[in-house]
Every structure is written in structure tokens, then in C-alpha cells.
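Chains as they are written, first to last, in UniProt numbering: chain Z, 1 to 223; chain E, 1 to 223.
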DNA sequence: ACCTGAACACCGTTCAAGT
DNA sequence: ACCTGAACACCGTTCAAGT
């Protein structure tokens with residue numbers, strides 16, 4: 001007789017964590033509570049997730065994956081239209097999962113699932129005539145709109161300046177636009193691979209916002 | 001003989017919490033650990049803070065207060081200069097306290113200390129010729145740059161549409177610009193006091209960013 | 001009034017033992 | 001291999017008792 005309960009898996013553990021966070025809030029996400037959701041004991045989760053912190057990181061990544069999934073289907077002739085609608089769809093996902101913003105902001109490393117969003121964005125922007133440098137600035141600006149600002153791009157090892165070649169290889173294969181852009185931008189900043197000057201990115205986005213506000217002020221004053 | 005130890009107070013408890021978060025991370029902020037920092041027992045903290053969640057909210061508010069303190073001193077003839085430098089100073093504070101971004105993003109209500117930043121911003125923008133509607137959009141745009149997006153303005157009671165008149169009175173007294181702007185914008189949206197359409201604010205900021213990127217793309221293409 | 005010791009219910013995690 | 005019971009150290013919080 002086959003077992004009545006479906007076998008546990010990392011995916012099922014993460015899904016149960018999302019369900020608990022959605023219905024009872026992030027504070028209710030305890031190992032025991034998630035296990036109960038799966039009709040098993042807390043200790044069984046440790047066969048699929050190394051620790052509670054890892055589970056929380058997986059929840060943050062799952063939120064990013066849902067964002068990517070929502071955005072992936074959206075295309076438009078005009079790049080502005082496409083990107084605007086993708087950002088709004090992404091925001092809808094974040095609003096549906098109120099625990100996601102705080103959790104993503106608390107992560108030290110950018111969730112791997114979020115890379116696919118940037119890959120798609122860079123592809124769209126490149127097609128629209130963006131050079132790699134501007135595309136790079138753009139994904140920082142737009143990433144901070146969607147996920148909040150604290151997450152840093154291209155620092156998968158948390159500030160270590162020598163990137164994992166295996167990760168780079170996987171990236172090059174599955175994310176050609178992102179890989180090309182990274183290589184190009186890296187070249188420009190003289191070999192400091194995997195390090196974004198996040199203050200410069202912040203200043204750039206801030207400049208976009210301030211310029212736009214000043215333009216709108218003048219438009220209203222002369223209208 | 002007077003007691004050797006300084007008496008506990010809410011301020012000392014919050015300061016100890018910040019110290020622990022700065023040196024050992026947010027996870028180390030437990031009631032027992034904070035108490036140890038103050039040479040007392042965990043239970044003593046409950047005379048100054050109602051719960052651990054309240055302590056964490058107080059830490060978020062303290063981060064906002066530090067941001068305000070840093071920004072308050074900065075003035076400039078040009079409003080763009082003043083606001084840019086204040087935002088960068090604010091960001092420096094956030095970077096110095098890496099726990100602050102996640103904690104602020106996790107808060108359901110905007111920390112009271114953050115209001116002073118918006119009061120200052122609205123004052124500066126009004127002086128520079130912004131109407132109240134544009135000033136309102138501006139503080140949403142800039143607030144999301146500094147603190148992240150999730151915190152909602154003017155919803156001190158968490159979505160309840162009838163605002164506390166006492167809070168409004170205090171606000172009117174100490175934050176004239178903010179109070180005037182709130183009243184003006186409220187009037188415009190037909191009586192739905194204390195409710196910002198945060199999706200509209202998001203769309204506005206997104207529009208600023210997208211327009212700025214497109215402008216930069218064209219500038220580079222024609223250069 | 002402010003502080004505290006003991007206690008309770010709960011948590012993350014380890015480990016030896018089951019299947 | 002995957003799962004679990006018992007156990008440990010730790011946590012937030014209550015409460016009665018101290019000063």
C-alpha cells in the first residue's frame with residue numbers, strides 16, 4: 001500500500017511557508033507551524049531546508065519568483081508600456097503578499113529568482129536601443145521600485161569581489177543579456193567585477209525623480 | 001546613597017536595542033540581550049516598552065529619527081540641491097544601520113518620526129513653487145527612495161479611514177506644511193481623508209523614472 | 001513606582017532511534 | 001533515504017513578590 005501522505009519536498013515546504021505567511025502573517029511562520037501545515041513534525045523540515053533562516057530566504061526568493069512569473073507574460077510594442085505594466089504587475093504581487101517587502105529588504109543577497117526579471121528587462125531595454133551602461137542603471141532604478149532598494153545586484157557572495165565562476169557560467173547560459181551587460185559594465189569600471197557602486201545607482205535614480213519633479217513643477221507653473 | 005545604576009527609561013531601552021542591532025544584528029535583539037546591555041533583567045524592560053514588537057517598532061522609528069536629524073541641518077538655495085543632499089544623507093544613515101531597511105519595510109504604519117522629514121520636504125518644495133498636489137506626490141516618490149516603498153503615509157491607524165483628531169491637531173501645530181498639504185489633497189480626492197491611493201503614487205514615481213530613462217536613451221542616441 | 005525571581009508556553013535545533 | 005520522539009538551550013511574557 002502506497003503512503004497516504006505525499007512525500008515532503010523543498011517545494012512543498014516553501015509553499016506551506018507561503019501559505020502560513022499569507023494567512024497568519026510572517027510571525028506565524030515557525031518550523032512547527034509549517035510542519036503542521038504539512039502534517040509532519042518540525043524536524044522533518046530539516047531534511048529539505050537547512051535552517052529557519054534558509055526557509056525565510058526561500059520565502060523571499062519565492063516572492064521574487066512569483067513577481068517574475070507575473071511579469072514574464074507581459075509584452076508591448078513600446079518599451080515604456082511593457083516595463084510599466086510589468087512593474088505594476090510586480091507590485092500587485094507584492095501587495096498580495098504583504099510579508100514579502102520586509103523579508104526581501106532584510107535579505108543580504110539578491111534572491112536568485114529576481115535575476116530572471118532583470119534578464120527580461122535588460123533584453124527589452126537593449127532591443128529598445130539602450131546601451132549596456134544605461135540598461136544597468138535602469139535595472140537598479142526599476143529594481144528599487146519593485147523590491148525596495150536595499151538588495152544589491154551581482155553580489156551573490158555578499159560583497160566578496162571575486163564572483164563564483166560557476167554562477168557566472170550558469171548566468172551566461174540562461175541569461176545572455178544580463179551576462180553581456182555585466183561583462184560590459186564590469187569592463188567599464190576597470191575590473192572590479194561583481195561590485196556595483198550602489199550609492200551611484202541611488203544618485204542616478206534620485207536624479208531621475210528630482211528632474212521629473214522639477215519638470216512637472218515648471219509645466220504646472222507655465223500652464 | 002544614590003543608586004549606582006542610571007534609572008531605566010524608554011530612551012535607554014531603545015538606545016540599547018539600536019546598539020545590539022548595530023553590533024550583533026537584528027536577530028540578536030532579544031529582550032534578555034537588550035536587558036543585559038542595560039545591566040538589568042528582561043522583565044524590567046516591560047515597564048518601558050509594552051512588548052518586543054513595540055520595541056522593534058521603536059527601533060524603526062529611531063532609525064527614522066536619525067534620518068530626520070541628519071537631513072534637518074541641510075539647506076541650499078536650489079531646492080533640487082537641498083533635497084538631493086538630504087536624501088543622500090538619509091541613505092548614509094540607512095547604510096550605517098543595515099537592520100533599518102528591513103525593519104521599516106516590515107512596519108505596517110509609518111513611523112511618527114518620519115513625518116518630520118516630510119514636513120521639511122513639503123516646506124522646501126512649497127517654497128520652491130510646488131503646489132500641494134505635486135508636493136504630495138513628491139514626498140511619496142522621495143519617501144520610497146529613502147525608506148523603501150511599503151510604508152504608507154497618513155494612515156497612522158492602519159487603513160482606518162477616520163483619522164485620530166488628536167493626531168491631526170498635533171500635526172497641524174508642529175507640521176504646518178504637512179497639515180496644509182494633507183487638507184488640500186484630501187479636499188481634492190473628495191473627503192476620503194487619510195487615504196492615499198498608493199498605487200497611483202507608485203505609478204507617478206514609476207512614470208518619473210521611465211520618462212527619465214527614455215530621455216537619457218534619446219540623449220545618448222543623438223550624441 | 002520600579003525592579004526581579006521563578007515559572008509557563010513556545011521556539012530552533014541536535015541526536016539517536018526508528019522505518 | 002526519509003521521518004520522528006525526546007531532549008536542550010533559548011525565547012517572550014505573566015505574575016506574585018520584593019524594594
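All C-beta atoms in this analysis are idealised placements derived from N, C-alpha and C, irrespective of residue type, glycine included.
Close to chain E, meaning a Cβ-Cβ distance shorter than 7 Å, are the following residues of the region 51-85 of chain Z: 80, 83 and 84. Close to residue 216(E), with beta-carbon spacing below 7 Å, are these residues of chain Z in chain order: 134. Pairing residue 72(Z) with residue 127(Z), the inter-Cα distance amounts to about 16 Å.
The DSSP-derived three-state label of residue 139(E) is helix.
For residue 220(E), the chain Z residues whose C-beta falls within less than 7 Å of its own C-beta are 131 and 134, listed in chain order.
A residue is called buried once 16 or more other Cβ atoms fall within 10 Å of its Cβ, and residue 25(E), having fewer, is exposed. Listed in chain order, the non-local C-beta contacts of residue 103(Z) below 8 Å within the same chain comprise 26, 56, 59, 60 and 63, local neighbours out to five positions each way being set aside. Our two residues, residue 29(E) and residue 32(Z), have alpha carbons roughly 22 Å apart in a direct line. Residue 68(E) places its beta carbon less than 7 Å from that of residue 117(E). The beta carbon of residue 202(Z) sits closer than 7 Å to some beta carbon of chain E.
Under a criterion of Cβ atoms nearer than 7 Å, no residue of chain Z is adjacent to residue 22(E); the nearest Cβ is some 15 Å distant. Within chain Z, no C-beta atom comes nearer than 8 Å to that of residue 196(E); the closest sits roughly 14 Å away. For residue 41(Z), there is no enclosing alpha helix (DSSP H), as DSSP marks it with neither H nor E. Out of 100(Z), 80(Z) and 200(Z), the CA that lies nearest to the CA of residue 92(E) is found in 200(Z). Contact between residue 178(Z) and residue 122(Z) holds, since their C-beta atoms are separated by about 6 Å, short of 8 Å.
CA-CA distance, residue 36(Z) to residue 45(E), rounds to 33 Å. Annotated as proximal: residue 101(Z) and residue 105(E), with beta-carbon spacing under 7 Å.
Of the candidates 6(E), 108(E) and 220(E), 108(E) places its Cα closest to the Cα of residue 53(E). From the listed residues 205(Z), 77(Z) and 18(Z), the smallest Cα separation to residue 98(Z) is found for 18(Z). The beta carbon of residue 181(E) sits no closer than 7 Å to any beta carbon of chain Z. Residues 175, 177 and 178 of the same chain have their beta carbon placed closer than 6 Å to that of residue 119(E), with the five preceding and five following residues left out of the count.
For residue 14(Z), the CB contacts under 7 Å within the same chain, skipping 5 residues up- and downstream, are 58, 59 and 62 in chain order. In this structure, DSSP gives residue 196(E) a state outside helix and strand, which the three-state scheme calls coil. CA-to-CA, the gap between residue 142(E) and residue 133(Z) works out to about 24 Å. Across the set 220(Z), 216(Z), 207(Z) and 223(Z), the C-alpha of 207(Z) shows the shortest separation from the C-alpha of residue 82(E).
Taking the Cβ atoms as the reference, residue 145(E) lies roughly 7 Å from residue 205(Z), within the contact range of under 8 Å. For residue 147(E), same chain residues with a beta-carbon under 6 Å away, outside a window of 5 residues either side, are 104 in chain order. Shown here, residue 108(Z) sits in coil according to DSSP, grouped into three states, outside any helix or strand.
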